[in-house]
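Chemist: What the sequence shown shows, in this note's numbering, is residues 1 to 216, in sequence order. Here it is, the structure in full.
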Amino acid sequence: MLDEPDQLAVIRGLRDGSRDAWTALYDGYNADVWRYVGRLIGGQASDVADVVQETFLAAARGARQFDASRGSLWSWLAGIAHHQAAAHWRQSGKSERLRVLAEAGAIELRQWWEGSASAADLWEQRELADLVRGVLSELPTDYAALLTSKYLDEQSLDEMARRFGGSVEAIKSKLARARREFREKFESLTACSDPIHRVGDATPSMGSLRARNSNT
Numbered sequence: 001m002l003d004e005p006d007q008l009a010v011i012r013g014l015r016d017g018s019r020d021a022w023t024a025l026y027d028g029y030n031a032d033v034w035r036y037v038g039r040l041i042g043g044q045a046s047d048v049a050d051v052v053q054e055t056f057l058a059a060a061r062g063a064r065q066f067d068a069s070r071g072s073l074w075s076w077l078a079g080i081a082h083h084q085a086a087a088h089w090r091q092s093g094k095s096e097r098l099r100v101l102a103e104a105g106a107i108e109l110r111q112w113w114e115g116s117a118s119a120a121d122l123w124e125q126r127e128l129a130d131l132v133r134g135v136l137s138e139l140p141t142d143y144a145a146l147l148t149s150k151y152l153d154e155q156s157l158d159e160m161a162r163r164f165g166g167s168v169e170a171i172k173s174k175l176a177r178a179r180r181e182f183r184e185k186f187e188s189l190t191a192c193s194d195p196i197h198r199v200g201d202a203t204p205s206m207g208s209l210r211a212r213n214s215n216t
């Protein structure tokens, strides 16, 4: 990821249509975009590569319209990547499986949410990992990016504030809203009569996502 002076230089260059600025953007964020897309869609490396390519193509088309007042370069790229990952889910037919996965995984996901399930056993279930990815792909882009950074990439609040822009307190508040949105999105997908028990804003074992995603 680029530091702040480099980001400012890239932003100016993007507005001017500079090829060097575009190269700096790609070199500075390619690995981050690849990692983020992989978190959202899993599966084959070729699928991830396709989505990453579409992300940067879309970024190139809209580079001159980048508005720094609306967020950091990473927030902008993560938003584009999120849209492309969601499109991949729709085009591959995976989105049609979400409700089935939600109903099948309701008990296991509730156990994970409440911290009563073994993370090692739980994340051996590929379909449940797909379910979590699918729910993330349906969240607002900023929420999905925050949850991924916090619980999969293990970034601190300070790191996230630098990455996304804003204060630590603002990031904490937004994370709480993102967790609630994740839970509500899951519950909207499942017809289970016994939805996830609400346990405030805490997500005690959300970090167990790392175990599964690091191996897929």
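We treat Cβ as the ideally placed atom computed from N, Cα and C, and that holds for glycine.
According to DSSP, is PHE182 helix, strand or coil?
Modeler: helix
Chemist: Pull up the distance between the alpha-carbon of PRO195 and that of ARG179, whole angstroms please.
Modeler: Model confidence at PRO195 stands at a pLDDT of 41, short of 50, so the residue's coordinates are unreliable and nothing is read from them.
Chemist: Distance, Cα to Cα, SER69 vs TRP89?
Modeler: Answer to the nearest angstrom: the Cα atoms are 30 Å apart.
Chemist: Have a look at GLU181, LYS185 and TRP74 and flag the residue whose alpha-carbon is nearest the alpha-carbon of TYR26.
Modeler: The shortest C-alpha separation from TYR26 is found at TRP74.
Chemist: My assumption, with CB atoms under 8 Å, is that LEU14 sits in contact with ALA63. Please give the rounded CB distance.
Modeler: 4 Å
Chemist: By how many angstroms is the C-alpha of SER18 removed from the C-alpha of TRP76?
Modeler: 18 Å
Chemist: Judging by CA-CA distance, which residue of TYR143, ASP6 and ALA59 is the nearest neighbour of LYS172?
Modeler: TYR143
Chemist: What does a CB cutoff of less than 6 Å around GLY79 pick up in its chain, not counting 5 residues either side in sequence?
Modeler: THR141
Chemist: Would you tell me roughly how many angstroms separate the C-alpha atoms of MET160 and GLY134, rounded to the nearest one?
Modeler: 23 Å
Chemist: Below 8 Å CB to CB, which residues in the same chain sit around GLU181 once its five sequence neighbours on both sides are set aside?
Modeler: LEU139, PRO140 and TYR143
Chemist: Exposed or buried, which one is LEU175 when buried takes at least 16 other CB atoms within 10 Å?
Modeler: buried
Chemist: Near LEU2, what residues of its chain come up, given a Cβ to Cβ distance below 6 Å and the 5 sequence neighbours on each side ignored?
Modeler: GLY28
Chemist: Round the Cβ separation of TRP22 and ALA60 to the nearest angstrom and send it over; I've been treating them as touching at under 8 Å.
Modeler: 7 Å
Chemist: Nearest-angstrom Cα distance between SER137 and GLY42?
Modeler: 12 Å
Chemist: How would you label GLN84, buried or exposed, when you count the other beta carbons within 10 angstroms and need 16 or more for buried?
Modeler: buried
Chemist: Output yes or no for whether 9 Å exceeds the beta carbon distance between LEU152 and ARG12.
Modeler: no
Chemist: Can you tell me which of LYS185, ASP6 and ARG177 puts its alpha carbon nearest to the alpha carbon of LEU131?
Modeler: LYS185
Chemist: Which residues in the same chain as GLN7 place their Cβ atom closer than 8 Å to its Cβ, once the five residues preceding and following it in sequence are excluded?
Modeler: SER72 and LEU73
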